[in-house]
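Residue numbers (the working numbering), protein chains in the order written: chain A, 742 to 896; chain B, 1159 to 1664.
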């Protein structure tokens, strides 16, 4: 498993790799999240220093976007589409069933840290709705049993 | 034996990877040599995974396939044989200009791209002046396919004429609208087409750098396009001397971060620059002060991916398709509760009813169609009473609706329209960038007001109408400005679900 407590030097290396780009802040945040499954608080002053921004500005950007997490997610991440096309095919009932079964609200992680359930607004699978994603694997015409089976297979 | 199995996300979501693996195993077991190509999708999503096998007559289609159906592919007959792909009704009835290669070629084979008309447009453009390039786009009548429908050539001309040391071509691939997947499909199925379109735009407008702002919800599209750009750079389609012309153009993929509002062009530009994706007031137009303060073309994926065919076949060829001021073709994306969902590229002008009933085959559930939302979460709901409306920018405007990115989401008669109206407001509240008050506060009040209506307070209906007027007139961008479309159309078409009929009777 990826370790989630990077050192300042590890973060600096990720920042430096993106500095050649125009507008590097989002690529930096993505690189850190990709490496550590979240953007740790300690990274913000390092980013601010490298880009000559204030910490508040970096925090403002990070918190604007749904993708960036302050803490790592569960070992498995289930994303269920909540958008209209999926709703027309029963996405509301599907997400309710999954959340109820795990005892979670949107964005929550099970107590044992195994599963996080997040909403997503459109995976572009609108012609085979409802759609979901389990650990990056796309599922069309999803139902609760299929999602449970994917999670079991991934565990 | 040559076999095609799509690697499009929708096909994968329906099991195409498993089918491809089963084909490898079965071929090995039988000692048959198989050339397995992972193509894009043909767009018939209800038939995915759609496997094609090369025959002397042409490519034969089989679907929807499961791993269990694979062994029979090597036998004489197959229960899921559909006939020649090109002869299928769905394929034959289309006018595939933008999507001509999608599903046909290996998306990452530049040789196949060229063999099927690719790069001919760019070669022609390289012999033209910037002014001639822009004139060709104007003549084609191409209008922005992202939804606003602004004439692409006029936008390009503004950037071309602007004086600056650096200009940009930015492709808006933040396709966040539910019911739309054309951008994803062409990027995954024919990425060189977008690259070629952007290169023509760059050379026409004098921009040397392009960015594709691609949403993070599309990891497959990001991977395919990133690889395609590398390939294009290796062979000199991109770089210091595009196809040896001495003209420079290069491009890069930038990944979004889950903010719907970044599909709005000024918010996208802020995000690209590394800022909060907050909407900018216009003017200045992005064409004059866009990315990093420089003149910038911001175009949708489909607009840019349509440019190569316009240059390959000529602007007049493109313009002779269509209806009135809606020239050319539009990739309809038929989605939601529909029997035959998928992408169908056709000239403007088909009626909404034809699209839903004839192409779509009615609902997947077999129940009656109640409403169709056209143009994403900010698009109006239309009822079967409006099914004779022709698909065109002005025609939909006349119905108080919009075509947006041409996604259609079908709902059957179990749909809860008050619930859908509430969802529209809730979505706007979640995704509002917070810059302007009508959107930031209005959407929250909209949810509350709809909850009052749901609780039986019909007196809140005029309040909702008034709030929607304020949002429409007072918001900076389409998020706050267009959220009233689904809300008000639901109220107008289904007043009984909002308790309005009871009030009128009293």
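For glycine and all other residues, C-beta sits at the position ideal for the given N, C-alpha and C.
Closest Cα partner of residue i within the set the options
i, options, result
"residue 1470 of chain B", "B/1524, B/1647, B/1298 and B/1305", "B/1298"
"residue 1352 of chain B", "B/1271, B/1621 and B/1335", "B/1271"
"residue 1317 of chain B", "B/1651, B/1385 and B/1452", "B/1452"
"residue 1420 of chain B", "B/1374, B/1405, B/1390 and B/1381", "B/1374"
"residue 1603 of chain B", "B/1638, B/1572 and B/1573", "B/1638"
"residue 1358 of chain B", "B/1234, B/1382 and B/1311", "B/1311"
"residue 799 of chain A", "B/1450, B/1646 and B/1432", "B/1432"
"residue 1617 of chain B", "B/1407, B/1597, B/1656 and B/1594", "B/1656"
"residue 1412 of chain B", "B/1371, B/1577 and B/1517", "B/1371"
"residue 1498 of chain B", "B/1515, B/1507 and B/1482", "B/1515"
"residue 1354 of chain B", "B/1559, B/1586, B/1254 and B/1277", "B/1277"
"residue 1468 of chain B", "B/1273, B/1296, B/1458 and B/1520", "B/1296"
"residue 1590 of chain B", "B/1536, B/1482 and B/1221", "B/1536"
"residue 1394 of chain B", "B/1281, B/1446 and B/1455", "B/1281"
"residue 891 of chain A", "A/818, A/863, A/826 and A/830", "A/818"
"residue 1160 of chain B", "B/1263, B/1170 and B/1259", "B/1263"
"residue 1368 of chain B", "B/1379, B/1176, B/1384 and B/1195", "B/1384"
"residue 1177 of chain B", "B/1204, B/1201, B/1481 and B/1229", "B/1229"
"residue 1166 of chain B", "B/1220, B/1187 and B/1197", "B/1197"
"residue 1409 of chain B", "B/1533, B/1624, B/1241 and B/1386", "B/1386"
Exposure label - residue i; buried when at least 16 CB within 10 Å
i, result
"residue 811 of chain A", "exposed"
"residue 1345 of chain B", "buried"
"residue 1190 of chain B", "exposed"
"residue 824 of chain A", "buried"
"residue 1660 of chain B", "With a pLDDT of only 49 at residue 1660 of chain B, under 50, the local geometry of the prediction cannot be trusted, and the value read off the model is given with reservation. Classification for residue 1660 of chain B: exposed."
"residue 793 of chain A", "exposed"
"residue 782 of chain A", "exposed"
"residue 1171 of chain B", "buried"
"residue 1563 of chain B", "buried"
"residue 1250 of chain B", "exposed"
Coil, strand or helix - residue i by DSSP
i, result
"residue 1285 of chain B", "coil"
"residue 1594 of chain B", "coil"
"residue 833 of chain A", "helix"
"residue 1485 of chain B", "strand"
"residue 1561 of chain B", "coil"
"residue 1268 of chain B", "helix"
"residue 763 of chain A", "coil"
"residue 1190 of chain B", "coil"
"residue 1461 of chain B", "helix"
"residue 1523 of chain B", "coil"
"residue 1329 of chain B", "strand"
"residue 1220 of chain B", "strand"
"residue 1362 of chain B", "helix"
"residue 883 of chain A", "coil"
"residue 1426 of chain B", "helix"
"residue 1569 of chain B", "strand"
Beta carbon proximity, residue i to chain B, threshold 8 Å
i, result
"residue 817 of chain A", "no"
"residue 880 of chain A", "yes"
"residue 786 of chain A", "no"
"residue 894 of chain A", "no"
"residue 829 of chain A", "yes"
"residue 806 of chain A", "yes"
"residue 862 of chain A", "yes"
"residue 825 of chain A", "yes"
"residue 800 of chain A", "no"
"residue 865 of chain A", "yes"
"residue 765 of chain A", "yes"
Chain A within 8 Å of residue i, Cβ atoms only
i, result
"residue 1458 of chain B", "no"
"residue 1569 of chain B", "yes"
"residue 1678 of chain B", "Residue numbering for chain B in the displayed model covers 1159 to 1664; residue 1678 of chain B lies beyond these limits and cannot be assessed."
"residue 1562 of chain B", "no"
"residue 1225 of chain B", "no"
"residue 1170 of chain B", "yes"
"residue 1663 of chain B", "Reliability fails at residue 1663 of chain B, whose pLDDT of 44 lies under 50, so the model's placement of it is uncertain and no value is given."
"residue 1421 of chain B", "no"
"residue 1450 of chain B", "yes"
"residue 1447 of chain B", "no"
"residue 1515 of chain B", "no"
"residue 1375 of chain B", "yes"
"residue 1233 of chain B", "no"
"residue 1652 of chain B", "no"
Cβ pair count under 8 Å reaching 3, the segment 833-843 of chain A against the segment 1455-1463 of chain B: Too few Cβ pairs lie closer than 8 Å, so no.
At least 3 beta-carbon pairs within less than 8 Å: the segment 1319-1330 of chain B vs the segment 1505-1520 of chain B: Taking 8 Å as the limit for Cβ pairs, the verdict is that the segment 1505-1520 of chain B does not touch the segment 1319-1330 of chain B.
Inter-stretch contact (C-beta, 8 Å, three-pair minimum) for the segment 1484-1493 of chain B and the segment 1399-1408 of chain B: Taking a cut-off of 8 Å on C-beta distances, the segment 1484-1493 of chain B does not touch the segment 1399-1408 of chain B, as fewer than three cross pairs fall below it.
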